[in-house]
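Here the structure is laid out as structure tokens; the discussion comes afterwards.
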Amino acid sequence: MAVSAAGIAIALLVVWTASSFVPFVPSGVLAALTVVGYAYTTGFAEPGLAVLLALVLLSLLASVAELASGMVSGRLGGASTRSVVAGTLAGIALLFVLGPIGIVVGLGGTVFLAALYENDADPRVAARQAAYAVVGALASAVVQAVMLAGVAVAFALAVL
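Add 11 to a position in the sequence shown, counting from 1, and you land on the number used in our numbering.
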């Protein structure tokens with residue numbers, strides 16, 4: 012049984028959707044490259060130009076959403092940009108020590124401690140700011156997965 016290029020591209024898009032939950036995997040970029048790669052193999056005949064551009068844009072937007080959501084949610088919770096950036100860096104460092112839970116511990120702990128320092132040691136305010144940052148970081152994977160699932164479905168409908 013021969014496997015078509017469209018079938019391989021759809022399978023890859025499903026893999027990239029699932030990889031949204033894996034740290035440091037640029038799932039949106041990989042999805043965009045998959046769509047462009049398939050279009051290249053067909054001489055840009057499939058999918059149509061408008062669909063191709065929409066799928067690539069949505070894939071890249073998913074990557075941007077993942078990168079920016081922790082920062083945005085932290086800011087919405089009242090945390091300073093500096094504390095969210097420091098928390099993100101601490102989370103990345105702890106990822107290598109504690110695994111995926113290190114991101115949560117590093118981000119939440121750093122934002123909490125920074126908020127305590129910035130808000131005259133009010134633990135409720137600090138906890139709220141840390142919770143917003145952590146929930147935003149975790150929700151970003153879900154948002155990216157939903158967006159990339161939409162890309163996979165739209166791509167399948169366009170080429171099959």
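Glycine is no exception: its CB is placed at the ideal position from the N, C-alpha and C atoms.
C-alpha distance - residue i paired with residue j, whole-angstrom precision
i	j	result
V115	V75	20 Å
G81	A126	16 Å
A104	G85	19 Å
G39	A141	27 Å
A65	L24	15 Å
V46	L124	43 Å
G59	L100	41 Å
N130	L109	29 Å
Reference residue i; option with closest CA among the options
i	options	result
A16	G48, S30, L124 and G102	G48
G119	A152, L23, V96 and V14	V96
G102	G117, N130 and L23	G117
G147	L71, L60 and E77	E77
A165	T53, A138 and E57	E57
Residue j beta carbon less than 7 Å from that of residue i
i	j	result
A167	I21	yes
A90	V122	yes
G98	L106	no
A152	F32	yes
A150	V62	no
V162	L69	yes
A73	Q155	yes
Whole-number beta carbon distance between residue j and residue i, since they are thought to touch under 8 Å
i	j	result
P34	P134	Not really, about 28 Å apart at Cβ, beyond 8 Å.
Y143	G88	2 Å
S67	A29	Here residue 67 turns out to be Val, not Ser, going by the sequence shown. Going by Cβ atoms, the distance from V67 to A29 rounds to 20 Å, so no, they are not a contact pair.
Residue-level contact to chain C via CB, residue i, 7 Å cutoff
i	result
A76	Looking for chain C here will not work: only one protein chain is present.
Next item on the list: Pick out the complete alpha helix (DSSP H) segments inside the stretch 38 to 105, 4 residues or longer, and give them in chain order.
Entry: 38 to 52 and 60 to 87
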